[in-house]
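A short write-up of the structure that comes next.
Number of protein chains: 2
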Amino acid sequence: MRAAIGLIGTALLATSSGLWAQEAQPAPSPGEIVAAAPRSDWRAIDASDLLVMDLAPDARGRARRVVIQLMPPPFSQSWIGNIRRLAAAHWWDGMAITRVQDNYVVQWGDPNGEDAAKAKALPARLHDTVASQYTTPADDVPLSYVLSRGGRGPARLELHPAPPPTPGYRGFADSYVDAVGFVGGFPMAVEREFRRPPPGVANAGEIVPTRIWPVHCYGMVGVGRNMSPDAGTGAELYTVIGHAPRHLDRNIALVGRVIEGIEHLSSLPRGTGTLGFYETPEERTAITAIRLGNEITALPTYEYLDTSSESFTRYLEARANRRDPFFITPAGGADICNAPVPVRRVPAG
Amino acid sequence: MRAAIGLIGTALLATSSGLWAQEAQPAPSPGEIVAAAPRSDWRAIDASDLLVMDLAPDARGRARRVVIQLMPPPFSQSWIGNIRRLAAAHWWDGMAITRVQDNYVVQWGDPNGEDAAKAKALPARLHDTVASQYTTPADDVPLSYVLSRGGRGPARLELHPAPPPTPGYRGFADSYVDAVGFVGGFPMAVEREFRRPPPGVANAGEIVPTRIWPVHCYGMVGVGRNMSPDAGTGAELYTVIGHAPRHLDRNIALVGRVIEGIEHLSSLPRGTGTLGFYETPEERTAITAIRLGNEITALPTYEYLDTSSESFTRYLEARANRRDPFFITPAGGADICNAPVPVRRVPAG
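In the order they appear, the protein sequences are chains Z and S. In this text, residue positions in the first sequence follow our numbering: the first is 32, and each later residue adds one. In this text, residue positions in the second sequence follow our numbering: the first is 32, and each later residue adds one.
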């Protein structure tokens, strides 16, 4: 009997009991679920939504390219509009990585930005930016793309879709906000409130999303700023290279995330000055150019796993409950930054 | 009147209303709270509980030293016992950093460890290690050192001490477990269960901790292993250099954390092989020596902020609710890995 198990096909297993399936085939890892996702579950990223940063070659002459996906509307559009203008004006060419703080951020921009006499002039007609746009009204967001995974407090409203009914899966409860989800491939926090029914209507009221904002996970890209009310122009950017600094959520604008080449930033020498700024110009890494993807010749096409797809739902469940062979005790839950949205180059063929 | 505010001393402010205090002086940052902690809130780390790793000098000839604090009893003692023997035998001298995976781990040990014919023999009399010791019975742990910060589910038992009564502070709810806390300067997960009252006793029962285990935050050091039931000897070690991979909790042994010099590991070039292993020996960074701290001449004394101190409680609250001047919107909560236990060299004088 035992020898026959190896011959039982996957289709047959799906009709067997869960126990049998578990004995016969190891549970897929999150990576295996992503690798098996059908082409129809992937969404191409438009080249015009990519920001491509080329650094000076490394000590051994190897090219260093960092590719950033900009967030979709309606999020952070004043800053992203400015970033598009700065890239179109080739404003960053000759700028530098100025700060690398361990377990926190890598920052780039004008090394003379704090010195009004030496700072490079910004392009004309940049948008004004304001702190109120760190968050977005939920009414402006296509909620069918929001996957909420539990939350905190007595009301655990499940938005679309519900967690899969696997034993021990408690979802993505969050330490910072009531609910989290994904919009357009980006991790988001969701604030909700209880709305009483209108006078004379006999129902229990409902819990509705009110505001949504992107969250500071590893690789997310944000806009440096001075003390509020300054909200930053978009000329000074940073990316997260450590544990998610979620205390920055709602306190600073996020504009995208690194989808390729973050190792060229995260492995840079740490700065020894205050906040990890480099103390000498020689320590900085030069930026050769930053361009929008549609200005780059022969750029690969990138795609992300649709966060409303069945594959992504299974990926989330597997991130929260590792059952692939290395693991002994599945956690039952995870935090949103431990479930990065899969991105890949579009495979050939 | 306004000019006079600057003259009002701190002692006077403490008796004023909160509003006045807030207007007159910015709220302290977590770092400022730590800097102001009295000497009596710090606990010296015994040199014999430090593991000191010296790497080959960098390309510019600068020394690279990484200092690790080993966990106190009763946690992971079979592995830690082995690590003490390996260090005493100078077993790691000439070994190497073999793996650097971005946003995950740096691993070191015997580059030939997988090849039985070439692997370096381990010292005699190492302890056997078993997966059941990834967690520790709560009865074995001094619970007065456990600070629980909320949790998930209907029962939000607060262990010692309760969160400070500041508005909007919801504590450290966790995405992975029911409760979290600290023991001896290390971040811990706490599993709890409801115990019914004994027959004939008229009370509501109680929620009691059952098992406790350390969690995978940035800088934590763990023991590489092969597939279970192998639990690793302690000869193969890794540290976390990215977002907390909490899915590894209870699946692998943690033995300590890096308290100084992690930048020498986190900034290493990423490996391009499977799982971030280096593909050629030339890419590896050589380990000159690993020693217990009491074998090192002129090692500084390190100390950590007592996690049962009032200063640490205030630090936690400030990590969860940033009100220092840069911040606009305090989060109200945080995850345990976003509140690293402060460690410093004992200041002179």
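Where a beta carbon is used, it is the ideal one built from N, C-alpha and C, also for glycine. All of these numbers come straight from a predicted model, not from anything done at the bench.
- [ ] Would you mind working out which of S:M219, S:R227, S:P373 sits nearest G236 of chain S, comparing C-alpha positions?
- [x] S:R227
Task: Pairwise C-alpha distance: Y200 of chain S and A67 of chain Z - done: 43 Å
Open item on the list: Distance cutoff 9 Å, beta carbons only. Does Y200 of chain S sit that close to anything in chain Z?
Closed with: no
Open item on the list: I'd like to check one pair, P154 of chain Z with W110 of chain Z: are the Cβ atoms closer than 9 Å?
Closed with: No, Cβ-Cβ distance for W110 of chain Z and P154 of chain Z is not below 9 Å.
TODO: Using a Cβ cut-off of 9 Å (strictly closer), state whether I359 of chain Z contacts chain S.
DONE: yes
- [ ] Taking only the alpha-carbon atoms, compute the straight-line gap between A148 of chain Z and E348 of chain Z and give it to the nearest angstrom.
- [x] 54 Å
- [ ] May I have the straight-line CA-CA distance separating G140 of chain S from A262 of chain S, to the nearest angstrom?
- [x] 15 Å
- [ ] Could you check what DSSP says for I367 of chain Z in three-state terms: helix, strand or coil?
- [x] helix
Open item on the list: Could you compute how far the alpha carbon of A370 of chain Z sits from the alpha carbon of G231 of chain S?
Closed with: Separation of A370 of chain Z and G231 of chain S (C-alpha to C-alpha, rounded to the nearest whole angstrom) is 48 Å.
Open item on the list: Please report whether the beta-carbon of N234 of chain S lies at a distance below 9 Å from any beta-carbon of chain Z.
Closed with: no
Open item on the list: Please tell me whether V97 of chain Z and G364 of chain Z are closer than 9 Å, where the distance is taken between their beta carbons.
Closed with: no
Task: Sequence-distant residues of the same chain with beta carbon closer than 6 Å to F217 of chain Z, five excluded per side - done: M102, P245
Open item on the list: Taking 6 Å as the limit between beta carbons, can you name the residues of its chain near K151 of chain S, skipping five residues before and five after?
Closed with: D141
TODO: Kindly indicate which residue of S:S79, S:S71, S:D85, S:Q56 has the alpha-carbon position closest to the one of H295 of chain S.
DONE: S:D85
- [ ] Could you name each continuous alpha helix (DSSP H) segment of 4 residues or more that falls completely within the segment 70-136 of chain S, going from the start of the chain to the end?
- [x] Note on the segment 70-136 of chain S: whole alpha helix (DSSP H) runs with a minimum of 4 residues are 108-119, in chain order.
Task: F213 of chain S: first and last residue of the uninterrupted beta strand (DSSP E) it sits in - done: 210-214
Task: Cβ distance (whole Å) where P378 of chain S is taken to contact M258 of chain Z below 8 Å - done: In fact, because the Cβ distance is near 30 Å, the residues do not count as touching under 8 Å.
Task: Short Cβ contact (9 Å threshold) for A169 of chain S with R91 of chain S - done: no
Open item on the list: With distance defined between alpha-carbon atoms, name the residue in S:R350, S:N234, S:H247, S:I238 nearest to A220 of chain S.
Closed with: Comparing Cα positions, the closest option is S:H247.
Task: Y309 of chain S and I128 of chain S closer than 9 Å at C-beta - done: yes
Task: Distance between beta carbons of F203 of chain Z and I367 of chain Z, contact taken as under 8 Å - done: 5 Å
TODO: Starting from G292 of chain Z, trace the alpha helix (DSSP H) both ways and give me its first and last residue.
DONE: Premise fails: G292 of chain Z is in no alpha helix (DSSP H) and is neither H nor E.
- [ ] Could you give the DSSP three-state label for I381 of chain Z: helix, strand or coil?
- [x] Residue numbering for chain Z in the displayed model covers 32 to 380; residue 381 of chain Z lies beyond these limits and cannot be assessed.
Task: Min CB distance I290 of chain S to chain Z below 9 Å - done: no
Open item on the list: Short of 8 Å in beta carbon distance, which residues of its chain neighbour A362 of chain Z, apart from the five on each side in sequence? Order them along the chain.
Closed with: A351, N352, R353
Task: Straight-line gap, F343 of chain S to P61 of chain S (C-alpha atoms, nearest Å) - done: Cα to Cα, F343 of chain S sits roughly 9 Å from P61 of chain S.
Task: Interface residues of the segment 290-307 of chain S facing chain Z [CB-CB below 7 Å] - done: I293, E294, S297, S298, L299, P300, R301
- [ ] Compute the distance between the beta-carbons of D72 of chain Z and E341 of chain Z, then report whether it is under 9 Å.
- [x] When the beta-carbon positions are compared, D72 of chain Z and E341 of chain Z come within less than 9 Å of each other.
TODO: Compute the Euclidean distance between the alpha carbons of V286 of chain Z and L268 of chain Z, then round it to the nearest angstrom.
DONE: 9 Å
- [ ] Give me the Cβ distance between I99 of chain Z and I290 of chain Z, rounded to the nearest whole Å; I'm assuming they're in contact under 8 Å.
- [x] 7 Å
- [ ] From the DSSP output, read off the bridge partner residues of G253 of chain S.
- [x] S:Y269, S:L285, per the DSSP bridge assignment.
- [ ] Measure the CB-CB distance between W318 of chain S and V137 of chain S and report whether it falls below 9 Å.
- [x] Residue identity differs from the one stated: residue 318 of chain S is Ile in this sequence, not Trp. No, Cβ-Cβ distance for I318 of chain S and V137 of chain S is not below 9 Å.
Task: Alpha-carbon to alpha-carbon, T338 of chain S and G215 of chain S - done: 7 Å
TODO: Kindly indicate which residue of S:N143, S:A120, S:P88, S:R130 has the alpha-carbon position closest to the one of E314 of chain S.
DONE: S:R130
- [ ] Please determine, among S:T303, S:A75, S:P69, the residue with the shortest C-alpha to C-alpha distance to Y335 of chain S.
- [x] S:A75
Open item on the list: Below 7 Å on C-beta distance, what does Y269 of chain Z contact in chain S?
Closed with: Within 7 Å Cβ-Cβ: nothing; Y269 of chain Z doesn't reach chain S, min ~14 Å.
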